[in-house]
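Before any comments, here is the structure.
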Amino acid sequence: MVIPAEIIFQKEVMNSNCTDLDSLLKLYYLPASYGIIFVFGLVGNIISISIYLTKLRPWKSSSIIMVNLALTDLLYVLTMPFLVHYYGNEDFWMLGDFTCRFVRFAFHFHLYGSILFLSCVAVFRYMVVIQPLRVVQLQQKCWGIAACSAVWIIAAAEISPMLTIISINTENNKTKCLDFASTLPINVVREYDWVLTILGFFLPLVLVFTCYIGVVKQLSNGPGPSSSGRKRARRVTVLVLVVFAICFLPYHILRVLWIEIQSTTMSCMKNIVHAAYIISRPVAGFNTFFNLALYTLSGDKFRRAFLGCFHSECWSRRCKL
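Numbering (my numbering), first residue to last: 476 to 796.
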């Protein structure tokens, strides 16, 4: 059977358009998105950490968790200039194998560290609502230190295999720092991706959703002791659930789909899925903006200190100038 030349030409045009979409997203969308994350994330997290260090001492367990969450965000945003340079330079990596591994590792360490820290926040807020009389005990430093130590260890254990998987790749005299889900051969990452997605994301998602349901049920029974604190716990839990749904869920679904579809022959469909996956990567990093909102919702002291920084210190400096 002879395939008409017009059909072949149309397929070539469609494949070319799909490939062009991937290239445009990498050249313009990724550098712009990562640049925004870097600027706002760097300023916001430095201010947040400074407030916790200087104005909110002595720390409680919740403060310790928030500081560690901000540190993971800061580690992530500090790698953004490398990615802005890489994608703005048309996927040409010039910074060596070690830097490539570090940048990719930092993204995933931030991702799964944030997921675990946000899960801790949801659990702590759940306990505030369910066991309000034990709030003072839960706010002891030892609980915060234990929770953060566990998060760092678990996140490192989850992500450490990537150090051996991710590497630079040279093709047509062009060196690339491949994303984890684009590493070849694809069989190397498929099983690990499923394990990481289930254990690193879906189990924490179930935990956060369970906490949300528990908070809603408890508050539906009417106000009780420390009603304002319980309402704040509901707002924080809802925000954490929103971060999981908007930032983390699309990324994990599209990453699994992209890895699974790479072995098929549907070239244009592959490029469409890849384009969607590219879009989801900075969206997953935008959780740092939600984290900044989380700090202000977690307590009135942080909100007053944050607003006071801009209304008193910063504005008075401008007046002096």
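Where is the CB? At the ideal position from N, CA and C, for every residue including glycine.
Rounded Cβ spacing between residue i and residue j (contact assumed at less than 8 Å)
| i | j | result |
| --- | --- | --- |
| Ser537 | Gly588 | So it is not a contact: roughly 17 Å between Cβ atoms. |
| Phe655 | Ile640 | 7 Å |
| Cys686 | Val610 | Not confirmed; about 16 Å, so no contact. |
Contacting residues, own chain, Cβ-Cβ under 7 Å from residue i (five flanking each side not counted)
| i | result |
| --- | --- |
| Cys623 | Ile539, Ile540, Asn543 |
| Gly760 | Ile512, Tyr551 |
| Leu613 | Ser536, Phe599, Met602 |
| His749 | Asp497, Trp733 |
| Phe676 | Ile590, Phe723, His727 |
| Pro556 | Phe513 |
Extent of the continuous beta strand (DSSP E) run through residue i
| i | result |
| --- | --- |
| Glu633 | Premise fails: Glu633 lies in the alpha helix (DSSP H), 616-634, not in any beta strand (DSSP E). |
| Ile643 | 643-646 |
Rounded C-alpha distance that separates residue i from residue j
| i | j | result |
| --- | --- | --- |
| Asn766 | Thr650 | 35 Å |
| Asn648 | Ala581 | 27 Å |
| Val711 | Phe684 | 12 Å |
| Thr645 | Pro660 | 14 Å |
| Thr527 | Leu553 | A quick correction: the sequence has Tyr, not Thr, at residue 527. Roughly 20 Å separates the two Cα atoms. |
| Pro725 | Glu666 | 19 Å |
| Ile734 | Val713 | 31 Å |
| Gly516 | Asp548 | 7 Å |
| Phe764 | Cys722 | 11 Å |
| Leu502 | Asp566 | 8 Å |
| Asp495 | Leu570 | 26 Å |
| Cys652 | Asp668 | 18 Å |
| Val731 | Val664 | 10 Å |
| Val514 | Leu500 | 20 Å |
| Leu591 | Ile634 | 13 Å |
| Thr672 | His727 | 7 Å |
| Ile688 | Ile605 | 12 Å |
| Leu716 | Leu680 | 8 Å |
| Lys530 | Ile736 | 51 Å |
| Arg707 | Leu674 | 29 Å |
| Lys692 | Tyr601 | 11 Å |
| Trp534 | Lys616 | 7 Å |
| Trp568 | Phe719 | 31 Å |
| Ala630 | Phe584 | 6 Å |
| Ala625 | Ser738 | 37 Å |
| Cys575 | Leu586 | 17 Å |
| Val518 | Val578 | 20 Å |
| Trp627 | Leu593 | 13 Å |
Residues that DSSP places opposite residue i in a beta bridge
| i | result |
| --- | --- |
| Thr650 | Thr645 |
6 Å Cβ shell around residue i - same chain, five flanking residues per side excluded
| i | result |
| --- | --- |
| Leu729 | Ala751, Tyr752, Ser755 |
| Ala545 | Asn520, Ser523, Ile524 |
| Ser508 | Pro757 |
| Cys595 | Ile540, Ala622 |
| Lys745 | Ile736 |
| Val559 | Pro506, Tyr509, Gly510 |
Unbroken alpha helix (DSSP H) run spanning residue i, endpoints
| i | result |
| --- | --- |
| Pro725 | 724-736 |
| Lys745 | 742-760 |
| Gln693 | 678-695 |
| Met541 | 536-552 |
| Gln612 | 610-613 |
| Ala507 | 505-529 |
| Ile590 | 571-605 |
| Pro556 | 555-563 |
| Leu674 | No alpha helix (DSSP H) contains Leu674, which DSSP labels as neither H nor E. |
| Leu638 | 637-640 |
Distance cut-off 7 Å: residue i Cβ against heavy atoms of the ligand ATP
| i | result |
| --- | --- |
| Leu553 | As presented, the structure is devoid of all ligands, the ligand ATP included, so that no description of it is given. |
Cβ-based neighbour list, residue i, same chain, cut-off 8 Å, excluding 5 preceding and 5 following
| i | result |
| --- | --- |
| Asp572 | Ser642, Ile643 |
| Tyr504 | Ile753, Ile754, Pro757 |
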